[in-house]
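Be aware that the sequence shown starts at 30, since it is given in my numbering, and climbs by one per residue. Inspection log for the structure reproduced underneath, given as structure tokens.
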Amino acid sequence: DNPARFGDVVHWPAGKHQDGDLREVYDFDSGVRLGAVPQPPETYNVVGNTNEHQVSIGETTFGGVSVLDGSDGRAVCNPTYGCLDYGSLISVTLARSKTAREAIANADALMQTYGYASNGESFSI
């Protein structure tokens with residue numbers, strides 16, 4: 030849905046992480062730094078919108094209220110770690126999920142913990 034991103038394939042390698050390791054988070058569209066979230070002990074390989082366990086997440090933009098994405102300066106973000114936009118929510122969720130059911134629970138936990146800095150998106154998992 031963004032012709033400027035046509036052909037992009039992002040790779041996030043699997044890893045083992047120590048307590049205190051952080052994953053930098055940048056806005057998927059603008060590249061603006063949104064923060065850094067703590068890494069779990071293990072993350073999975075992610076290429077594009079699919080991980081090594083064949084879990085995939087697609088998204089559809091439908092617009093929404095500006096209070097969600099912070100364009101009016103009021104996005105609700107974790108004061109220590111920042112927040113996730115739709116693109117980082119997808120990749121961080123995939124890096125932490127072996128099943129679709131886990132992906133739903135992880136996406137919910139990530140948004141509840143760190144906040145969400147995009148407006149209307151629907152996700153297909």
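Each residue gets a CB set at the ideal place from its N, CA and C atoms; glycine is no exception. Since we're looking at a predicted model, the values are computed, not measured.
By the neighbour-count definition (other C-beta atoms within 10 Å, threshold 16), Asp-56 is a buried residue. A straight-line Cα-Cα distance of about 34 angstroms links Gln-47 and Gly-149. Counting every other CB atom within 10 Å of its CB across the protein chains shown gives Thr-122 a total of 16 or more, marking it as buried.
Remark: C-beta atoms of Trp-41 and Thr-72 approach each other more closely than 9 angstroms.
It is roughly 18 angstroms from the alpha-carbon of Leu-118 to the alpha-carbon of Gly-44. Uninterrupted alpha helix (DSSP H) stretches at least 4 residues long and entirely within the region 49-117 occur at 95-98, given in chain order. Listed in chain order, the non-local C-beta contacts of Thr-89 below 6 angstroms within the same chain comprise Ser-151, local neighbours out to five positions each way being set aside. Pairing Glu-81 with Val-75, the inter-Cα distance amounts to about 6 angstroms. Apart from sequence neighbours up to five positions away, the residues of its chain that approach Leu-63 with a beta-carbon distance below 8 angstroms are Val-54, Tyr-55, Asp-56, Cys-106, Gly-111, Cys-112, Leu-113, Asp-114, Ser-117, Ala-146, ordered along the chain. Here Ser-120 carries a helix assignment [DSSP, helix/strand/coil]. Taking 9 angstroms as the cut-off, the beta carbon of Ile-154 is found no closer than this to the beta carbon of Ser-59.
The beta carbon of Ala-129 lies closer than 7 angstroms to those of Val-84, Ile-154 in the same chain, with the five residues before and after it left out. Short of 8 angstroms from the beta carbon of Ile-133, and not among the five residues preceding or following it, lie these beta carbons of its own chain, in chain order: Ile-154.
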